[in-house]
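Letter 52 of the sequence shown, counting from 1, is numbered 838 in my numbering, and no numbers are missing. We put the beta carbon where it would ideally sit given N, CA and C, even for glycine. Just so we're clear, the structure is a prediction, and the values are computed from it rather than from any experiment. Notes follow once the structure below has been shown.
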Amino acid sequence: MTIPFHPMLVHFPIALLFASVLFDLASAALTRDSLREAAQWLLGLGLLGGIVAAIAGGQAEGAAEKAGVAEALIETHETLAYVTLGIMAVLLLYRLLLRNRFSTRALVAYFMVAAIGLVAISATGHTGGNLVYEHGAGVQTATHVPVKG
């Protein structure tokens, strides 16, 4: 039996990436550089965690297929995860190119892409939850053991 790392890891990047955008919103509203710096760290750590979670998800794919989950559903979740990671990587690169200093126009563009990224994270999480709760991916079924009595 292998340890299911994907469900243990996946919640961290979700929380970190959402928190990154919230810190950016707070930074823009309060004009606090420390919040903007924290947002960049959260984004980087969330992206790194997302990569690790995606690798673990790839390793869990076989177990989901063995459980009878349609490959198309698994591929949809996987594709959404890669799209999400791509969007977040673009955001991090954008920040690094701008040295974490945003003009008003750059900040608006950043938030527009970030909003798309949050929708992508939500869609990825929804499809992942659907795989587990609707299709039983990664769920161990109990075996009936008759009791002698």
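{"Item": "contact_flag[the stretch 875-888, the stretch 912-927] where n(CB pairs < 8 Å) is 3 or more", "Value": "no"}
{"Item": "Euclidean distance between Cα positions of leucine 811 and valine 931", "Value": "55 Å"}
{"Item": "9 Å Cβ cutoff met for alanine 842 and phenylalanine 791", "Value": "yes"}
{"Item": "Exposure label - glutamine 926; buried when at least 16 CB within 10 Å", "Value": "exposed"}
{"Item": "Expected contact under 8 Å - CB spacing of isoleucine 873 and glycine 844 to nearest Å", "Value": "Rounded, the Cβ-Cβ distance is 19 Å, inconsistent with contact."}
{"Item": "Alanine 892 and valine 807 closer than 9 Å at C-beta", "Value": "no"}
{"Item": "Distance between phenylalanine 798 and glutamate 823 (C-alpha atoms, nearest Å)", "Value": "19 Å"}
{"Item": "Asparagine 916 - containing alpha helix (DSSP H), residue span", "Value": "890-919"}
{"Item": "As assigned by DSSP and simplified to three states, the class of alanine 853", "Value": "coil"}
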